[in-house]
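Asker: Quick one: the structure is below, and I'll ask about it shortly.
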Amino acid sequence: MVYLGAAYLWVKAAHLIFVIFLMAGLFMMPRFFVYHQETVPGSPEDQRWIEREGRLLKIILNPSLVLVWVLGLMLMVEIGAWQFGWFHLKLLFVLGLTGYHGWIASYTKKLAKGQRPLGDRQLRLLNEIPGIAAAVIVIAVIVKPF
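Heads up: the sequence shown runs through residues 2 to 147, numbered per this note's numbering.
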């Protein structure tokens, strides 16, 4: 603990807290999409879903993603994580979740424009991505298989 000193555990705790917020949002948004797609574009219900999705993105998902990255990079430097194989696996899946977040943001915009490019089944399958990624990340960090 060279750089953070006594703050290390606080940074680690904050990182985990914001990971939980991020994952909650990543699980919620595709469910929102399923319900949103059932509405008629331009209807009052459509507008309510657009507002809900916008708030989830701006209040929870975007700030959580930024904080997860900032705090995670601080921890990476602190422990010299780049030298560990488990960290490379974690980073790969974190990059994947970041891309998933980007997809969520873009799909939110499509729904707001009245576009419905994916079906309910596809959205339900896409909803499994964060769970699988979280499982791999937790195993990599806790078990450190390599």
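Backbone N, C-alpha and C define an ideal beta-carbon position, used for all residues, glycine too.
1) Since Trp70 is in the alpha helix (DSSP H), which residue starts that stretch and which ends it?
2) Going by Cα to Cα distance, which pick from Met75, Ile143 and Ile130 is closest to Ala25?
3) Determine the DSSP secondary structure at Arg117, reduced to helix, strand or coil.
4) Only counting the same chain, and skipping five residues up and downstream in sequence, which positions put a Cβ closer than 7 Å to that of Pro31?
5) For the pair the stretch 40–57 and the stretch 8–20, tell me if three or more CB-CB distances fall below 8 Å.
6) Please determine, among Ile140, Phe147, Ile143 and Leu27, the residue with the shortest C-alpha to C-alpha distance to Leu66.
7) For Tyr101, collect the residues of the same chain with a Cβ closer than 7 Å to its Cβ; drop the 5 residues on either side in sequence, then sort them by chain order.
8) How about Leu58 and Ala106: do their beta carbons lie closer than 8 Å?
9) Using a 10 Å radius around the Cβ and a threshold of 16 neighbouring Cβ atoms, would you call Phe147 buried or exposed?
10) Quick check on Leu98: buried or exposed, where buried means 16 or more other Cβ atoms within 10 Å of its Cβ?
Answerer: In short:
1) Position 69 of the sequence shown, counting from 1, holds the residue named residue 70. It spans Asn63 to Ile80 - the alpha helix (DSSP H) in which Trp70 sits, taken as one unbroken run.
2) Within the sequence shown, residue 25 is the residue found at index 24, counting from 1. Nearest C-alpha to Ala25: Ile130.
3) Along the sequence shown, one-based indexing puts residue 117 at 116. Three-state DSSP puts Arg117 in coil, outside helix and strand.
4) Within the sequence shown, numbered from 1, the residue matching residue 31 stands at position 30. The answer, listed in chain order, is Leu124, Leu127 and Asn128.
5) no
6) To locate residue 66, count along the sequence shown from 1; it is residue 65. Closest option to Leu66, Cα to Cα, is Leu27.
7) The residue given as residue 101 occupies position 100 in the sequence shown. Leu27, Ile130 and Pro131.
8) Locating residue 58 in the sequence shown gives position 57, counting from the first residue. Locating residue 106 in the sequence shown gives position 105, counting from the first residue. Yes.
9) Numbered from 1 along the sequence shown, position 146 holds the residue referred to as residue 147. Exposed is the call here.
10) Along the sequence shown, read from residue 1 onward, the residue named residue 98 stands at position 97. Burial call: buried.
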